[in-house]
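Residue numbers for the sequence shown, in mature numbering (1 follows the signal peptide of the UniProt record, and there is no 0): -30 to -1, 1 to 80. Heads up, the thing below is written out as structure tokens.
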Amino acid sequence: MNIDRNLRLPARLLLAVPVAALAFSLAACSASRPSVDQVSDGLIKFFESQDQGDVFTDDAADCFAGYLVDSDLSNDTLNYIAQGKDQASSTEDATLTQKILQDNYDECTA
């Protein structure tokens, strides 16, 4: 009877636990798409941090948020906006965000 062979099975099982945890945590990294309300709240938070909260209304935030969520922006970029951050996951997303805000400015701020 080989004692080393019997000890390998528990060691392999213990090794499987961190591997499974790592796989689960990596799966959780792909962010889900935030709602229009979450993006709107993030826009308000951002503009208040820039001392422009009185200029940027809730209606404007809701309007812009609808366009942003319906766009091709990545979930990561939308989550940054929902957190009130001036950040994008790529230069393409940064450019698209600016374009969406500029193209819809007149409608959303009227």
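Just so it is clear, CB atoms sit at the ideal spot from N, CA and C, and this is done for glycine as well.
Whole-angstrom distance between residue j and residue i, CA atom to CA atom
i, j, result
"residue 18", "residue 69", "22 Å"
"residue 3", "residue 50", "11 Å"
"residue 9", "residue 53", "8 Å"
"residue 46", "residue 6", "14 Å"
"residue 44", "residue 14", "20 Å"
"residue 39", "residue 66", "12 Å"
Three-state secondary structure assigned by DSSP to residue i
i, result
"residue 31", "helix"
"residue 68", "helix"
"residue 74", "coil"
"residue 55", "coil"
"residue 39", "helix"
"residue 12", "helix"
"residue 117", "Nothing can be reported for residue 117: it is not among the residues displayed for the chain, which extend from -30 to 80."
"residue 7", "helix"
"residue 24", "coil"
At least three beta-carbon pairs within less than 8 Å, the region 60 to 78 to the region 25 to 35: yes
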